[in-house]
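What follows is one structure encoded as structure tokens, with my remarks underneath.
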Amino acid sequence: MSVQSSSKTSITQRFDSYQPSKTLLVWACVVTAIATMIIGFSWGGWVTGGTSSKAAAAAGDVARGELASAICVERFNAAPDASAKLIEFKAITEGYKQRQFVEAGGWATMPGQTSPDSRSVQACATALAV
4 MSVQSSSKTS
14 ITQRFDSYQP
24 SKTLLVWACV
34 VTAIATMIIG
44 FSWGGWVTGG
54 TSSKAAAAAG
64 DVARGELASA
74 ICVERFNAAP
84 DASAKLIEFK
94 AITEGYKQRQ
104 FVEAGGWATM
114 PGQTSPDSRS
124 VQACATALAV
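Numbering (the numbering used here), first residue to last: 4 to 133.
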């Protein structure tokens with residue numbers, strides 16, 4: 004038992020008396036920082052500012068398209084001859100002709116714009132076709 008005790012004491016004493024050099028401490032910090040970044044960007048979900056800006060812009064575009072589509076459908080349904088127009092719209096089988104029908108009706112043109120956005124026209128036509 005005294006052998007283990009002296010062995011533990013010597014390891015503990017060696018650990019307590021260990022004085023790492025400044026170079027070793029600096030390199031340990033550098034390696035830790037790099038490992039943290041690799042783990043953060045690979046598995047932690049971290050992104051750069053540019054990636055974040057692109058994602059925010061894409062989300063904004065999608066939201067605007069959905070809002071414009073909802074407004075388009077609401078305008079279409081609020082028209083006085085909506086039921087007749089819906090029958091006429093659903094009789095069209097080609098998708099591009101349906102989009103042309105929505106564009107010609109003016110339902111997809113948002114206030115302050117002179118022409119409708121192609122994504123909102125597509126979304127509106129898809130929503131009306133259902």
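Every residue, glycine too, gets a C-beta built ideally from N, C-alpha and C.
Anticipated Cβ contact below 8 angstroms, residue i with residue j, distance rounded
i, j, result
"residue 69", "residue 126", "7 angstroms"
"residue 85", "residue 79", "6 angstroms"
"residue 119", "residue 106", "6 angstroms"
"residue 90", "residue 104", "In fact, because the Cβ distance is near 12 angstroms, the residues do not count as touching under 8 angstroms."
Simplified DSSP assignment, three categories, for residue i
i, result
"residue 95", "coil"
"residue 51", "coil"
"residue 59", "helix"
"residue 116", "coil"
Close Cβ partners of residue i (< 7 angstroms) along its chain, the five nearest in sequence each way excluded
i, result
"residue 102", "124, 125, 128"
Residue i - containing alpha helix (DSSP H), residue span
i, result
"residue 125", "121 to 132"
"residue 24", "Run containing residue 24: none; DSSP gives neither H nor E here."
Chain-order list of residues whose beta-carbon lies under 8 angstroms from that of residue i (same chain, five-residue window excluded)
i, result
"residue 88", "79, 82, 108"
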